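Only one structure is covered here, and it is reproduced in the block below.
2 protein chains.
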Amino acid sequence: MTGTAAAELAGVEWRPLRVIADERGAVLHMVRADAPGFVGFGEVYFSELRPGVTKGWKLHLRMTQRLAVPVGRIRFVLFDARADSPTAGRIQICLSGRPDRYGLLIIPPGIWYGFENLGDGPALIANCADLMHDPAESRILPLDTPEIPYAWTPRKS
Amino acid sequence: MTGTAAAELAGVEWRPLRVIADERGAVLHMVRADAPGFVGFGEVYFSELRPGVTKGWKLHLRMTQRLAVPVGRIRFVLFDARADSPTAGRIQICLSGRPDRYGLLIIPPGIWYGFENLGDGPALIANCADLMHDPAESRILPLDTPEIPYAWTPRKS
Chain B
13 MTGTAAAELA
23 GVEWRPLRVI
33 ADERGAVLHM
43 VRADAPGFVG
53 FGEVYFSELR
63 PGVTKGWKLH
73 LRMTQRLAVP
83 VGRIRFVLFD
93 ARADSPTAGR
103 IQICLSGRPD
113 RYGLLIIPPG
123 IWYGFENLGD
133 GPALIANCAD
143 LMHDPAESRI
153 LPLDTPEIPY
163 AWTPRKS
Chain F
13 MTGTAAAELA
23 GVEWRPLRVI
33 ADERGAVLHM
43 VRADAPGFVG
53 FGEVYFSELR
63 PGVTKGWKLH
73 LRMTQRLAVP
83 VGRIRFVLFD
93 ARADSPTAGR
103 IQICLSGRPD
113 RYGLLIIPPG
123 IWYGFENLGD
133 GPALIANCAD
143 LMHDPAESRI
153 LPLDTPEIPY
163 AWTPRKS
């Protein structure tokens, strides 16, 4: 791995979300229309990751991602590909999920991101995005692309 | 159990949602801003249910619930408490969840609902509601209330 892992990329945010514990099963907050920085609702959908799975890389040209991990634990890796950004060319790593890192990761357009299931069971990522899915505004690259200075650790599969 | 289980309560809807299969883990649709009947975004949050758990009863005076079950399998029981409804006093039962009944259950205001985890593992319900949480517009009753003509089956716990 190269890049500056500790950097917070400009415009990227992770904030803790409330978990209301209950012996029958918790209630987990995600996004409210009055949350700071809320910019509108486009679509909410889920992405499952089987154990050992990594998905990526993906970049959106217009959509802002708002990601929570209500099941399992995920390592997100972000790469700032915005030429005009003060953090251009840098990497950010963000752990998110249960039980002690439940929160909302906000990724603005122009950032490559990938994510890896760190747990032994399935993980679930929820995305409450500001725009509806539109394949014309996203880009993908393979996990081993030379264009992003991050080497995913091979995992048992 | 009493009531007419097969009835579709007025204004209640269950519609299948798309699951995009992937050997790494599926992508699961939930709500888009252009979906039929979409009436606005208030909040998205999750409710976990441990195995054997039932939660209920709850009724909202103003909020419409849009419920999906991306993890596990849930039996929803609904009771129409609207005096002016053509289905007033009736019960509706809806199975929702994985793997073959993934869909969106829409519950308008004025309906009592409870839900039971039918599986051996934890289940997760997502609610993409049209209003933000406001305790002043909801009511609760215990599972064994005499006001609702439905007897939950005792389960191993």
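So the protein sequences, as listed, match chains B and F. In case it helps, the working numbering puts the first sequence at residues 13 to 169. In case it helps, the working numbering puts the second sequence at residues 13 to 169. For every residue, glycine included, the Cβ atom is placed at its ideal position computed from N, Cα and C. It should be emphasised that the depicted structure is a prediction, and the values quoted were computed from it without experimental measurement.
(request) Taking only the alpha-carbon atoms, compute the straight-line gap between E38(F) and I137(B) and give it to the nearest angstrom. (result) If you number the second sequence from 1, residue 38(F) lands on position 26. If you number the first sequence from 1, residue 137(B) lands on position 125. The question names Glu, yet the displayed sequence has Ala at residue 38(F). The straight-line gap from Cα to Cα measures roughly 11 Å.
(request) Leaving out five residues on either side along the sequence, give the residues of the same chain with a beta carbon under 6 Å from the beta carbon of E128(F). (result) Taking the first residue of the second sequence as 1, we reach residue 128(F) at position 116. Answer for E128(F): T66 and R87, listed in chain order.
(message) Rounding to the nearest angstrom, what Cα-Cα distance links G23(F) and M42(B) in this structure?
(response) Within the second sequence, the letter at position 11 stands for residue 23(F). Within the first sequence, the letter at position 30 stands for residue 42(B). So the two alpha carbons sit approximately 27 Å from each other.
(request) Look at the alpha carbon of R78(F) and the alpha carbon of P158(B), and state the distance between them as a whole number of angstroms. (result) As a working note, residue 78(F) is residue 66 in the second sequence. As a working note, residue 158(B) is residue 146 in the first sequence. Approximately 42 Å, taken between the alpha carbons.
(request) State the DSSP-derived secondary structure class of P82(B), mapped to helix, strand or coil. (result) Position 70 of the first sequence holds residue 82(B). Taken through DSSP and simplified to helix, strand or coil, P82(B) comes out as strand.
(request) May I have a chain-ordered list of the beta strand (DSSP E) segments no shorter than 3 residues that lie completely inside the stretch 39 to 103 of chain B? (result) Along the length of the stretch 39 to 103 of chain B, whole beta strand (DSSP E) runs at least 3 residues long occupy 39 to 44, 55 to 61, 66 to 72, 77 to 83 and 85 to 92, reported in chain order.
(message) Can you pull the chain F neighbours of V65(B), defined as C-beta to C-beta under 7 Å?
(response) Residue 65(B) sits at position 53 when you count from the first residue of the first sequence. Per Cβ cutoff of 7 Å: R36 and G37.
(request) Can you say whether I103(F) is buried or exposed, counting buried as having 16 or more other CB atoms within 10 angstroms of its CB? (result) Sequence index remark: in the second sequence, residue 103(F) carries index 91 (1-based). Its Cβ being crowded by 16 or more others within 10 Å, I103(F) is buried.
(request) List the residues of chain B whose Cβ lies closer than 9 Å to the Cβ of P134(F), in chain order. (result) Stepping through the second sequence from its first residue, residue 134(F) is reached at position 122. Annotation: Cβ neighbours of P134(F) in chain B (cutoff 9 Å, chain order): G37 and V83.
(message) According to DSSP, simplified to helix, strand and coil, what is A148(F)?
(response) In the second sequence, counting from the first residue as 1, residue 148(F) sits at position 136. Helix, per DSSP.
(request) Would you tell me roughly how many angstroms separate the C-alpha atoms of I160(F) and P154(F), rounded to the nearest one? (result) Against the second sequence, residue 160(F) aligns to sequence position 148. Against the second sequence, residue 154(F) aligns to sequence position 142. Rounded to whole angstroms, the separation of the alpha carbons of P154(F) and I160(F) is 10 Å.
(message) Could you tell me the alpha carbon to alpha carbon distance between L29(F) and T99(B), rounded to whole angstroms?
(response) For this step, residue 29(F) is matched to residue 17 along the second sequence. For this step, residue 99(B) is matched to residue 87 along the first sequence. So the alpha carbons of these two residues sit roughly 39 Å apart.
(message) Quick test of the definition: if touching needs 3 or more C-beta pairs under 8 Å, does the stretch 142 to 149 of chain B touch the stretch 69 to 77 of chain B?
(response) Put simply, the stretch 142 to 149 of chain B touches the stretch 69 to 77 of chain B. At least three CB pairs are less than 8 Å apart.
(request) For D46(F), return the contacting residues in chain B, with the cut-off set at a CB-CB distance below 7 Å. (result) By one-based count along the second sequence, residue 46(F) stands at place 34. In chain order: M144.
(request) With 7 Å as the limit, tell me which residues of the stretch 52 to 76 of chain B have their beta carbon closer than that to any beta carbon of chain F; keep them in chain order. (result) Cβ contacts with chain F come from F53, G54, E55, V56, Y57, F58, S59, E60, L61, R62, V65 and K67.
(message) Within 10 Å of its beta-carbon, does I118(F) have 16 or more other beta-carbons around it, so buried, or fewer, so exposed?
(response) Reading the second sequence from its first residue, position 106 is the one you call residue 118(F). Under a 10 Å Cβ-count criterion, I118(F) is classified as buried, with 16 or more other Cβ atoms of the shown protein chains found around its own Cβ.
(message) Does chain F have any CB closer than 7 Å to the CB of V43(B)?
(response) Against the first sequence, residue 43(B) aligns to sequence position 31. Interface annotation, V43(B): in contact with chain F, CB-CB separation under 7 Å.
(message) Please report the straight-line C-alpha distance between I32(F) and R62(B), rounded to a whole angstrom.
(response) Stepping through the second sequence from its first residue, residue 32(F) is reached at position 20. Stepping through the first sequence from its first residue, residue 62(B) is reached at position 50. Cα-Cα distance, rounded: 14 Å.
(message) What residue range does the beta strand (DSSP E) around P28(B) cover?
(response) One-based indexing of the first sequence puts residue 28(B) at position 16. Membership of P28(B) in the beta strand (DSSP E) is indicated by the continuous run E25 to P28.
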